[in-house]
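Enquirer: In our numbering, the protein residues as written are 76 to 160.
Beta carbons: idealized from backbone N, C-alpha and C, even for Gly.
Sharing a structure below in C-alpha cells format, with a few things to ask.
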C-alpha cells in the first residue's frame, strides 16, 4: 500500500524525531516501513544524521570542575535522605 500525500508529508516532518530517537516503538516501526519505500524520507534521514553527528563535534570538550563530583554526590545524598524520611 503506497502512502498518500498526507501520510508522506507527516512522515517527512517526522524525520527529525526519528533521527533523535524520540518516537515510541510502534510509531518508529511504522516510520521504518515508510522509509523502506520512500527515497525522499531516506535522504532526509541521512542528511539529518550527518548534521546530528557533526553537532557532537561542534563544541569543544568541557572539563568539569574538580569539586563537581563532590557537589553532585552531596545533592544525591540529600535527596536520598529526604526519600528515606
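Is it buried or exposed, residue 99, if we count other Cβ atoms within 10 angstroms and call 16 or more buried?
Expert: The count along the chain shown starts at 1 and reaches residue 99 at position 24. With fewer than 16 other Cβ atoms inside 10 Å of its own Cβ, residue 99 counts as exposed.
Enquirer: Go ahead and label residue 127 buried or exposed: buried means 16 or more other beta carbons lie within 10 angstroms of its beta carbon, across all protein chains shown.
Expert: As a working mapping, residue 127 is identified with position 52 in the chain shown. Under this definition residue 127 is an exposed residue.
Enquirer: Over the uninterrupted alpha helix (DSSP H) stretch that includes residue 109, give me the two end residues.
Expert: In the chain shown, counting from the first residue as 1, residue 109 sits at position 34. Run containing residue 109: 100–112, per the alpha helix (DSSP H) assignment.
Enquirer: Going by CA-CA distance only, name the one from 152, 87 and 149 that's closest to residue 119.
Expert: As a position in the chain shown, residue 119 is number 44, starting the count at 1. Nearest of 152, 87 and 149 to residue 119, Cα basis: 87.
Enquirer: Between which two residues does the alpha helix (DSSP H) containing residue 138 stretch?
Expert: On the chain shown, position 63 is the one that residue 138 refers to. Element bounds for residue 138: n/a, residue is neither H nor E.
Enquirer: Please check if any C-beta of chain C sits within less than 9 Å of the C-beta of residue 99.
Expert: Given the protein chain composition of this structure (a single chain), no chain C is represented.
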